[in-house]
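Novice:
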Amino acid sequence: MAIRGGRGRSSWTLDGIEKAKKSPKSTSMTTAQFKKVDSGKVSESDLQKSFIETIELIPYKGRTLRDFVYAVPNGGFRTKRTASNLKKEGVKAGVPDLHCFVAVPPWHSLYIEMKTEKGDLTDSQRHLIPILRAEGHKVVICRSDQHALSELLKYLGIQVA
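Heads up: the sequence shown begins at 1 in the UniProt record's numbering, then just goes up one per residue.
Structure, rendered in structure tokens:
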């Protein structure tokens, strides 16, 4: 994926980055943008955001699917104080990224864990996911936004034409 540059440049290159550092303009690229373009990788966050954007457009029970799915804010970097407070409030490591709270027998609900193509489950996820499944929740590990959408639609019994 190329990021369009300014003044006729078709895409950013390493040379373009060095030049932008010396003379920043509105078309300069952030370090995070460069890392994403340079590595060619898509993050779990990117997959999740794309999935959420998609389900905001799909009607379900007079609303949209987005009204029935929420994110579990377990990831990200936090200060020690914030992490300690969240733990005391009940935030639990290993809970999958997304939760659809619609019960579809025989399941109580659907949990979706987003992973990149090469991403792996954490130890806390390996511990908690079998517990969720044993308690009647469906848990899927999805490696793309489309995979997550497919699993959600299949779970809810929504046929795609």
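Just so you know, even glycine gets a beta-carbon here, dropped at the ideal spot from N, CA and C.
Check whether the stretch 106-117 touches the stretch 131-139, counting contact only when three or more Cβ pairs, one atom from each stretch, lie closer than 8 Å.
Specialist: Yes: at least three Cβ pairs fall under 8 Å.
Novice: Locate the beta strand (DSSP E) running through Ala161, then write down its first and last residues.
Specialist: No beta strand (DSSP E) contains Ala161, which DSSP labels as neither H nor E.
Novice: Under three-state DSSP, which class holds Leu57?
Specialist: Leu57: coil per DSSP, three-state reduction.
Novice: Exposed or buried, which one is Gln125 when buried takes at least 16 other CB atoms within 10 Å?
Specialist: It is buried - the Cβ of Gln125 has at least 16 other Cβ atoms within 10 Å.
Novice: Taking C-alpha atoms, which residue in Thr122, Ala134, Glu117 lies nearest to His147?
Specialist: Comparing Cα positions, the closest option is Glu117.
Novice: With DSSP run on the structure shown, which of helix, strand or coil describes Leu121?
Specialist: Correct three-state label for Leu121: coil.
Novice: Using DSSP bridges, identify the partner residues of Thr64.
Specialist: DSSP lists Pro59 as partners of Thr64.
Novice: Closer than 7 Å by C-beta to Asp145: which residues in its own chain qualify, once you throw out the five before and the five after it? Chain order, please.
Specialist: Cβ within range, chain order: Leu47, Ser50, Phe51, Thr54.
Novice: Taking a contact to mean a Cβ-Cβ separation below 9 Å, would you say Val42 touches Leu152 in this structure?
Specialist: Taking 9 Å as the Cβ cut-off, Val42 and Leu152 do not qualify as a contacting pair.
Novice: Please report the distance separating the alpha-carbon of Arg81 from that of Ser150.
Specialist: In a straight line, the C-alpha of Arg81 is about 38 Å away from that of Ser150.
Novice: Give the DSSP-derived three-state secondary structure of Ala71 in the structure shown.
Specialist: Note: Ala71 maps to strand in three-state DSSP.
Novice: Give the DSSP-derived three-state secondary structure of Lys80 in the structure shown.
Specialist: Helix.
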